[in-house]
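Down below is the structure, laid out as structure tokens.
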Amino acid sequence: MSTVPAAETLGGTQRLRDWIGDRLLLILTLLAALASVALMVLIAWRVFRGASLSWSTFGLGFITGTTWDTNAGVFGAGTLLYGTAVTSLMALIIAGPLGIAIALFLSELAPRWIRELIGPLVEMLAAVPSVVLGLWGILVLGPFCANHIEPWLGRWFGWIPLFSGDPSSSGVFVAGLILAIMVVPIVASICRELFLAVPSELEDGALALGATRWEVVRGVVLSSSKPGIGAALILGLGRALGEAIAVTQVIGSATAINVSLFAPGDTLASRIAAQFQGAVTKLQISSLFYLAAILLVIGLVTNLIAQVIVRRFDVQRAAD
Amino acid sequence: MGTMEQSFDLSGGGRSRRRRLANRLAEVVATLAALSAVAVLAIVVLSIAKRGIGEISWSFLTEPLPLFGTPGGGIAPLIVGSAILVAIATVIALPLGVLSALLLSEFASRRLAAPIQLVFDLMSGLPSVILGVFVFGLLVYGHTQSGIAGGFALSIVMLPLIARSTQETLRLVPQTQRDGALALGASRWRVVMGVVLPSSLGGILTGTVLAIARAAGETAPLLFTTSIYLNSIQTNPRNALPNMPVQIFIWSESADPEDHKRAWATALVLLAFVLVTSLLARAALARSRRKLGQ
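Line by line, the protein sequences give chains S and X.
Throughout the first sequence, residue numbering follows my numbering, covering 1 to 320 in sequence.
Throughout the second sequence, residue numbering follows my numbering, covering 1001 to 1294 in sequence.
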């Protein structure tokens, strides 16, 4: 111990440098984090401020108003909220079970090498830019739906108003399908992490009691990760609610609510993407800001719910 | 016990068969689900490759954008513009993200870290069209569109991604290494600069590349911030910069079949860039994390 130099023999400048270095790094990191938090506040503030003119003109009635008339200067988000809800729900109904099933395949069924092959491929699906998926949607999937899927649905389920009407290559149905493709990888990757985190003793115990693999999945894997699955579905829903570009490309455009899924529609995000550039009056721009504000609130609330579930139940954070 | 042995029926009756059937069915459904996702990816990629590959030539990649309604032309301005936009976004998001992650994992107490963490999680869930509207209101409204505005909007997409991937990498640096350096008398900042950052540099960089791949394909943040541009190569970020995502969007909405062909080819270039970089980055990330984790 006697060979360790006493504190005094360290150079004074060295200690000063360390003192300054420590403070400097701490301050820099604090500033960066504060800037990020401030940015988030700034986003909310600017969007809400942009909506103020429309807010003072239409108030809360904007949310339920179903008129969107650029010439008359009357705007409302009602049809768009309906369109957003229908497309997102359709995406979730398709992508939820599919994503969970994929996660089960990857975590419970597939041998290691297949898991390491297919897992990244499913995540690659999430990496496809939405504008590229939308291009494919409008030029390939849309015509395919109009020629094959929609006539078939109409023939068998046409008595349900949702599936009535003429098939068309752009509309709510195609938008829901495109959104489902975007949501699947989110649900699948979060759920896979959840299922892999289920203690293997529980699964082995159930297997040892004579349960089949499906019974293990139903009784142990799924039931012990219910909250996490909920969070995964909500995060997927959030993705679907906010997607603008691909939906704009395939949904057509509509100013009234159409009951048929085959008819064109519009969502909050797609209306913003479609009209923002061409907006002429201040009131129209402000109304588009209002739409963005509604979307922001919906997005924050869904994400907050998912984060609360994640934190409360200590779900692994897996998705982007 | 001896009398009970008689009552066991291990052959399984109808009930057992039903259970096995349900199990088989579930296995088939799960396998089909996974195959369908892979099939969709394959169909998307192949149909874009099939339609796009014929259009791609040296002149398509190097010539300026076609004038409205004229044949020919290329996408050089789009490639250059996209690169500049992503570079601007990286310059903003990388330091902010890495420094924030350092605060969260090296300095902050739980009470300070929790709300900051939440903000990043919320930011990564923001619909990207809102970022476009936000930056339009902040920088474009009353001024003009610019590459700076577009790059700034993209940086908000990248920031939470970089912060998270950096955090996950920092978490893998063994605590014993930090403790060892501290015990040798190193100050905190020397530990960070000399031990923590060097061993996590690879992970941070690949995380950044993944964020770049994601930002390169984002359209909505650019649609109102840098979408009205000239046909020639633009390098001044004060002007609106031509870029691939917005131009694919414009061409896909066009009625001209020539524009559709251009859209397919540009989509192929963009998709190839995004998929190849994110595949490579993922592979590198998995490798560096495995190495760090050991």
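Glycine included, C-beta positions come from ideal geometry on N, C-alpha and C.
Predicted model only: the values in this text are computed from it and were never measured.
| query | result |
| --- | --- |
| Under 7 Å by beta carbon: chain S residues contacting HIS1260/X | LEU139 |
| Three or more C-beta pairs below 8 Å linking the stretch 1208-1221 of chain X and the stretch 1271-1283 of chain X | yes |
| Against chain X: residues of the stretch 152-180 of chain S by CB proximity under 9 Å | none |
| Where THR29/S meets chain X, residues with beta-carbon distance less than 8 Å | LEU1099, SER1100, LEU1102, LEU1103, GLU1106 and PHE1107 |
| Buried or exposed (CB count within 10 angstroms, at least 16 for buried), GLY1072/X | exposed |
| Short CB-CB distance (under 8 Å) between ASP143/S and chain X | First, the amino acid is wrong: residue 143/S is Pro here, not Asp. No, PRO143/S lies away from the interface with chain X (no Cβ there is under 8 Å from its Cβ). |
| Proximity below 8 Å, CB of GLY73/S to CB of LEU283/S | yes |
| Range of the contiguous alpha helix (DSSP H) that encloses THR13/S | 12-50 |
| Inter-residue spacing [alpha-carbon to alpha-carbon] between LYS1050/X and VAL1191/X | 52 Å |
| Closer than 7 Å at the beta carbon, the chain S residues around MET1123/X | MET40 |
| Counted within 10 angstroms of its Cβ, other Cβ atoms place THR1206/X as buried (16 or more) or exposed | buried |
| Through-space distance from THR1166/X to VAL1098/X, alpha-carbon basis | 6 Å |
| Per-residue DSSP class, three states only, for VAL1173/X | coil |
| GLN277/S Cβ short of 7 Å to the ligand SAM heavy atom set | For the structure depicted, the ligand SAM is absent and the ligand set is empty, with no information on it obtainable. |
| Residue span of the alpha helix (DSSP H) that contains GLY76/S, given as start and end | Here GLY76/S belongs to no alpha helix (DSSP H), and DSSP marks it neither H nor E. |
| Separation of ALA146/S from VAL37/S, as counted between CA atoms | 46 Å |
| Secondary structure, alpha helix (DSSP H): runs of 4+ residues fully inside the stretch 1088-1127 of chain X | 1110-1124 |
| First and last residue of the uninterrupted alpha helix (DSSP H) at ARG112/S | 112-127 |
| Cβ of THR212/S within 8 Å of any chain X Cβ | yes |
| Interface residues of chain X facing LEU121/S [CB-CB closer than 7 Å] | VAL1038 and LEU1041 |
| Residue range of the alpha helix (DSSP H) that includes THR1206/X | 1197-1216 |
| Of the listed residues ARG1178/X, ARG1262/X, ALA1267/X and ARG1024/X, nearest to PHE1107/X (C-alpha basis) | ARG1178/X |
| Cα-Cα separation, LEU117/S to ILE298/S | 36 Å |
| Inter-residue CB distance, GLY265/S and GLY278/S (contact presumed, cutoff 8 Å) | Actually they do not touch by this definition, with Cβ atoms about 19 Å apart. |
| Spatial neighbours of GLN307/S in its chain, beta-carbon cut-off 6 Å, leaving aside the 5 residues before and after | none |
| 8 Å contact criterion, which ILE186/S and ALA126/S should meet: CB distance rounded | 7 Å |
| Interface residues of chain X facing GLN307/S [CB-CB closer than 8 Å] | LEU1118, ASP1121 and LEU1122 |
| Residue-chain proximity (VAL217/S, chain X), Cβ-Cβ < 8 Å | yes |
| MET1/S burial status per 10 Å Cβ neighbour count (16 or more: buried) | Its pLDDT being 44, under 50, MET1/S is placed unreliably in this model, and the coordinates cannot settle the point. |
| Cβ shell of PHE1136/X (< 7 Å), same chain only, five flanking positions each side left out | PHE1224 and THR1225 |
| Contact the stretch 135-144 of chain S vs the stretch 1041-1056 of chain X: 3+ CB pairs below 8 Å | yes |
| Cβ neighbour criterion (16 or more within 10 Å) applied to VAL131/S | buried |
| Limits of the unbroken alpha helix (DSSP H) element including TRP1251/X | 1244-1253 |
| GLY21/S versus ALA1093/X - alpha carbon distance | 23 Å |
| LEU125/S: contacting residues in chain X (beta-carbon distance under 7 Å) | ALA1037, VAL1040 and LEU1041 |
| Residues that ASN303/S contacts on chain B, provided the C-beta gap is smaller than 9 Å | Protein chains S and X are contained in the structure displayed, whereas chain B is not. |
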